[in-house]
Amino acid sequence: MTGLDSGGRYSELVLASTSPARHALLTGLGLPFRCEAPGVDETVPPGMTPAQAVGILAERKARAVWTRFPHALVIGSDQLVGLEGRALGKAPDAKAARAQLQSMAGRTHEICTAVCVVGPGFLSSEVEVARLTLWPLTETELDGYVATGEWQGCAGSYRVEGRGQALFKEIQGDRTGIQGLPMTLLVRLLREAGVTFF
Numbered sequence: 001m002t003g004l005d006s007g008g009r010y011s012e013l014v015l016a017s018t019s020p021a022r023h024a025l026l027t028g029l030g031l032p033f034r035c036e037a038p039g040v041d042e043t044v045p046p047g048m049t050p051a052q053a054v055g056i057l058a059e060r061k062a063r064a065v066w067t068r069f070p071h072a073l074v075i076g077s078d079q080l081v082g083l084e085g086r087a088l089g090k091a092p093d094a095k096a097a098r099a100q101l102q103s104m105a106g107r108t109h110e111i112c113t114a115v116c117v118v119g120p121g122f123l124s125s126e127v128e129v130a131r132l133t134l135w136p137l138t139e140t141e142l143d144g145y146v147a148t149g150e151w152q153g154c155a156g157s158y159r160v161e162g163r164g165q166a167l168f169k170e171i172q173g174d175r176t177g178i179q180g181l182p183m184t185l186l187v188r189l190l191r192e193a194g195v196t197f198f
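Heads up: the sequence shown begins at 1 in the working numbering, then just goes up one per residue.
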């Protein structure tokens, strides 16, 4: 029987995110859950690597929601793109999105996605790293992709599950992680927390 756990340790499953991509990925597991906006400060101390930063932010988001739902099992996640150790977040406008894409064109970058699962008597957090190589992009291609609007709300200014697929020469890593929630990793953490799936 599908359920949170056999011992009734958790009242419900909560995703500490309002991301449509994360919602869609988690829906695929067939578990009932709700989404809650974490509403946290997303600044991190300077000098951190993207992997360190996303680990801190994922845990901060999970804990923030867990304080509001202390009997729930809460999933927090965060994502940053790293280019030569420098973090690239979500572009604030089309000009910044184009600049991000131009800086990555023809080069390999990393996308770091952290997952933190917290609940009564349970806390586990891990970071998954994928490596992506963009094709060299012409000015026309850059302008054309930015015009799609897919860059909005995305770290690195692309959406790999949409038209952004055409930007990439090579992708090494979990595609669900690149989309915002690494499902193989998440399933392992949920199993460790006692969640049953079937």
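Every residue, glycine too, gets a C-beta built ideally from N, C-alpha and C.
Quick caveat: nothing in here was measured; it's all calculated off a predicted structure.
Beta-carbon within less than 6 Å of residue i's beta-carbon, same chain only, minus the 5 sequence neighbours each way: which residues are those?
i: residue 171; result: 132
i: residue 181; result: 22, 25 and 77
i: residue 122; result: 193
i: residue 19; result: 180
i: residue 157; result: 91, 97, 100, 101 and 151
Under DSSP, the beta strand (DSSP E) around residue i begins and ends at which residues?
i: residue 76; result: 73 to 83
i: residue 126; result: 122 to 134
Could you check if residue i is buried or exposed, using at least 16 other CB atoms within 10 Å of its CB as the buried criterion?
i: residue 61; result: buried
i: residue 140; result: exposed
i: residue 187; result: exposed
i: residue 119; result: buried
i: residue 110; result: buried
i: residue 2; result: With a pLDDT of only 45 at residue 2, under the threshold of 50, the placement of this residue in the model should not be trusted, and no figure is reported.
i: residue 147; result: exposed
i: residue 165; result: exposed
i: residue 70; result: exposed
i: residue 46; result: exposed
i: residue 84; result: exposed
i: residue 177; result: buried
Comparing C-alpha positions only, which one of the options sits nearest to residue i?
i: residue 198; options: 15, 30, 8 and 11; result: 30
i: residue 14; options: 66, 123, 130 and 185; result: 66
i: residue 97; options: 11, 8, 154 and 163; result: 154
i: residue 189; options: 102, 75 and 143; result: 75
i: residue 63; options: 101, 84, 52 and 37; result: 37
i: residue 129; options: 10, 108 and 42; result: 108
i: residue 58; options: 48, 40, 68 and 102; result: 40
i: residue 113; options: 86, 145, 54 and 99; result: 54
i: residue 163; options: 175, 174, 149 and 156; result: 149
i: residue 68; options: 81, 90, 174 and 16; result: 16
i: residue 106; options: 90, 8, 79 and 167; result: 167
i: residue 151; options: 92, 127 and 173; result: 92
i: residue 48; options: 86, 116, 33 and 127; result: 86
i: residue 27; options: 195, 196, 191 and 183; result: 183
If you follow the alpha helix (DSSP H) that residue i is in, where does it begin and where does it stop?
i: residue 190; result: 183 to 192
i: residue 119; result: No alpha helix (DSSP H) contains residue 119, which is instead part of the beta strand (DSSP E) from 108 to 119.
i: residue 98; result: 94 to 104
i: residue 57; result: 50 to 68
i: residue 166; result: Neither: residue 166 is in no alpha helix (DSSP H) and is coded neither H nor E.
i: residue 22; result: 20 to 27
i: residue 39; result: Here residue 39 belongs to no alpha helix (DSSP H), and DSSP marks it neither H nor E.
i: residue 142; result: 139 to 148
Under 7 Å Cβ to Cβ from residue i, same chain only, skipping five residues before and after it: list those, please.
i: residue 179; result: 21, 25, 160 and 161
i: residue 56; result: 44
i: residue 35; result: 15, 17, 18 and 23
Which residues share a DSSP beta bridge with residue i?
i: residue 171; result: 132
i: residue 87; result: 82
i: residue 34; result: 14
i: residue 155; result: 90
Mind checking whether the beta-carbon of residue i lies closer than 8 Å to any heavy atom of the ligand MG?
i: residue 109; result: The ligand MG is not among the ligands present in this structure, which contains no ligands whatsoever.
Less than 8 Å between C-beta atoms, sequence neighbours within five positions excluded: which residues of the same chain meet that for residue i?
i: residue 169; result: 133, 134 and 135
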